Amino acid sequence: GYLTATATRALIFIEADSPAIGLMCFIGVGMAEVSTCEITVKEGQHVKKGSEIGMFHYGGSTFCLIFPKDVNLTGLPSPDMEENVPVKSQLAIAHP
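Mapping of the sequence shown onto the numbering used here: residues 160 to 255, in sequence order.
Right, here's the structure in full:
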């Protein structure tokens with residue numbers, strides 16, 4: 160929507176170790192009063208599952224993970240899920 164196109168954003172491209180994933184992108188969006196998306200990971204740095212890659216400051220936020228169209232993911236949360244996905248929990252499984 161409009162807010163995600165005009166709000167503060169951070170794009171972090173990650174080349175996954177798994178060839179089943181390849182290059183993906185984390186998009187952090189600072190919603191409404193959020194004015195800062197701080198990226199703490201550096202270009203070329205290897206990150207592991209659960210590693211901090213950045214943070215939001217001053218309130219609410221959202222994020223999006225973008226995968227190549229040929230990545231086969233299962234176990235994604237339902238869009239109508241009424242509970243939040245816990246931090247550092249499994250989001251999906253990538254299959255070759």
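Beta carbons are placed, not taken as given, at the ideal position from N, Cα and C, and that holds for glycine. As the structure is a computational prediction, the values presented were derived from the model and not from experiment.
Taking only three categories from DSSP, how would you classify A253?
Here the question's residue 253 lines up with position 94 in the sequence shown. Correct three-state label for A253: strand.
Determine the extent of the beta strand (DSSP E) in which L170 is found, giving its start and end residues.
Reading the sequence shown from its first residue, position 11 is the one you call residue 170. Element bounds for L170: T167 to E174.
Which residue from V188, V244, M240 and G181 puts its Cα closest to that of A166?
Here the question's residue 166 lines up with position 7 in the sequence shown. Per the Cα distances, V188.
Just to confirm my understanding: we take E197, look at its own chain, exclude 5 residues before and 5 after, and list those with CB closer than 7 Å. What are they?
Start at 1 with the first residue of the sequence shown, and residue 197 comes out as number 38. Excluding positions up to five away in sequence, the list reads G213, M214 and H216.
By Cβ distance below 8 Å, which residues in the same chain neighbour L232 in space, the five residues on each side in sequence not counted?
For the purposes of this step, residue 232 is identified with residue 73 of the sequence shown, where counting begins at 1. So the qualifying residues of the chain are F226, A251, I252, A253 and H254.
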